[in-house]
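FYI, in this note's numbering the residues of the sequence shown are 90 to 247. A short write-up of the structure that comes next.
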Amino acid sequence: MPKIPFFHQLISTGFGSGYCPAGPGTAGAALALLLWWGYAAFLSSSSTFLLTVVLIAVFTVLGVWSSTVAEHYWGSDPKRVVVDEMVGTWVALLAVPSDSHWGYSFAAFALFRFFDIAKPLGVRQMERLKGGYGIMADDLLAGFYSCLILLFIIQCCA
């Protein structure tokens, strides 16, 4: 059986986090959170937001491409493809004010994982899209719902 090209393996598996034997989706989301913490600790709030938007855009495009390629090698929506969880987590993190990122970032992570696992409100239907589009779309919507709820919580608590 031919081996998946390294670039697509690297991107689709979230830099290898998708190979985690217990909860690869959670591992991918956790890696995205750790990366976000890494740059949020050193950047201003506006720079953190901008870099997160750039990462979402770049990894959405790369994720659609690489997960489509990964499906040819590993079958439909393989568990080790977690770039979608990374992008969904970053979408949820758009709501987090960088000056108080610890508690709210955990909430963004937890909300995203809830929507990603439960798949309510049309999230499951997004998986019906073909190839990498379906792999990425459900997590983008789960991240969007998480972001909206977190923005609501932040507004109510502020």
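Note that beta-carbon positions come from the ideal geometry of N, C-alpha and C, so glycine has one too. This structure is a prediction, so every number in the text was calculated from the model and none was measured.
For Arg217 and Asp166, I'd like the C-alpha separation in whole angstroms. 11 angstroms
Considering only C-alpha positions, which residue in the set Ser187, Tyr193, Leu120 is nearest to Gly75? With the chain running from 90 to 247 in the structure shown, residue 75 is simply not present.
Local conformation of Gly183 per DSSP, three classes: Sequence check: residue 183 is Leu here, not Gly. In the structure shown, Leu183 sits in coil (DSSP, three-state: anything other than H, G, I, E or B).
If Val176 sits next to Gly192, beta carbons under 8 angstroms apart, how far is it from one beta carbon to the other, in whole angstroms? Rounded, the Cβ-Cβ distance is 22 angstroms, inconsistent with contact.
Cβ atoms of Trp125 and Leu200: under 8 angstroms apart, would you say? no
4-residue-minimum alpha helix (DSSP H) runs that sit fully inside the segment 190-222, ordered along the chain: 190-207, 212-215
Nearest-angstrom Cα separation, counted from Lys92 out to Ile145: 27 angstroms
Less than 8 angstroms between the C-beta atoms of Thr32 and Val150, yes or no? As displayed, the chain neither begins before 90 nor continues past 247, which places residue 32 out of reach and without an answer.
Buried or exposed: Ala197, going by 16 or more other Cβ atoms within 10 Å of its Cβ? buried
Local Cβ density within 10 Å of Ser156, reported as buried at 16 or more and exposed below that: buried
Output the residue ranges of the alpha helix (DSSP H) runs that lie fully inside the segment 119-192 and measure 4 residues or longer, sorted by chain position. 134-163, 172-182
With the cut-off set at 8 angstroms, would you say Asp228 and Glu174 are in Cβ contact? yes
Consult DSSP for Phe104 and reduce its assignment to one of helix, strand or coil. coil
Ordered along the chain, which non-local residues of its own chain (more than five positions away) have a Cβ less than 7 angstroms from that of Gly114? Val171, Glu174, Asp205
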